[in-house]
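Everything below concerns the one structure shown next.
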Amino acid sequence: MLGARSIGPLLMRNLFAGGAVDQSGSRSGRRGRTAAVRAGVLALLWVAIAGTAPLDLTAGSIAVALATVALATWASLALMPPSGLHMTPVATLGYGLRLFGQSILAGIDVARRALDPRPLPAAGFVLHPTCLPAGSVRSAFCTTVCLVPGTLPAGTDSQGRLVVHCLDVAQPVAEQLASEEARFRRTFGGGGDV
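FYI, UniProt numbering numbers position 58 of the sequence shown as 58, with every residue one higher than the one before it.
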């Protein structure tokens, strides 16, 4: 079940899902590539926080930065192994821009419903059969489904279908979810966890 506490870790898990696969598809190649991507992101984060002033670039501070990035990369690989997501920069950017637009539409929809004096339409739950495997790939998809206006994933049922709370079950929510999952699979591959 997805609660308010799980959203932050899901976002971090998906940020560091790392997931580009080398041409041979080998497990060690994928792990090395994921480690390089994560180390790069962590190094950029270190520079953004510490700065690049001349006093920040002493040998000691660079050594501390490298050790910290190496330790953080090792910890991230131990705690969150590479997932089955196959991310490419162009596809990920396009998907991110689409999610940005959807988040604006979702915000407008929530504001409209909050300010509307009429009672809410028939709220309820919709079951969505998914082809995505349980784990970080499905969690990443659930994170994006939160941005579909009027929906919030609430977990899975005993048959592995997503249980999605909807503000209006009369809307074509099932079709929206199927379309969103197809787009997610085209963008990220939607393969299984490794």
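In this text, a Cβ means the ideal position worked out from N, Cα and C, and glycines have one as well.
Distance between P119 and V37 (C-alpha atoms, nearest Å): 48 Å
Please report how far the alpha carbon of Q171 lies from the alpha carbon of T187, in whole angstroms. 25 Å
Could you say which of D116, P133, G96 and T88 lies nearest to L147 if we only look at CA atoms? G96
Spatial neighbours of V69 within its chain, please: CB distance less than 8 Å, with the 5 preceding and 5 following residues excluded, ordered by chain position. A39, L42, A43 and W46
Boundaries (first-last residue) of the beta strand (DSSP E) holding A154: T151 to T156
Spatial distance of V164 from H128 (CA atoms): 7 Å
Could you have a look at L127 and say whether DSSP puts it in helix, strand or coil? strand
Own chain residues within Cβ distance below 8 Å of V90, not counting five before or after: none
For A123, which option in I108, C142, P82 and V173 has the closest C-alpha, if you only look at C-alpha atoms? V173
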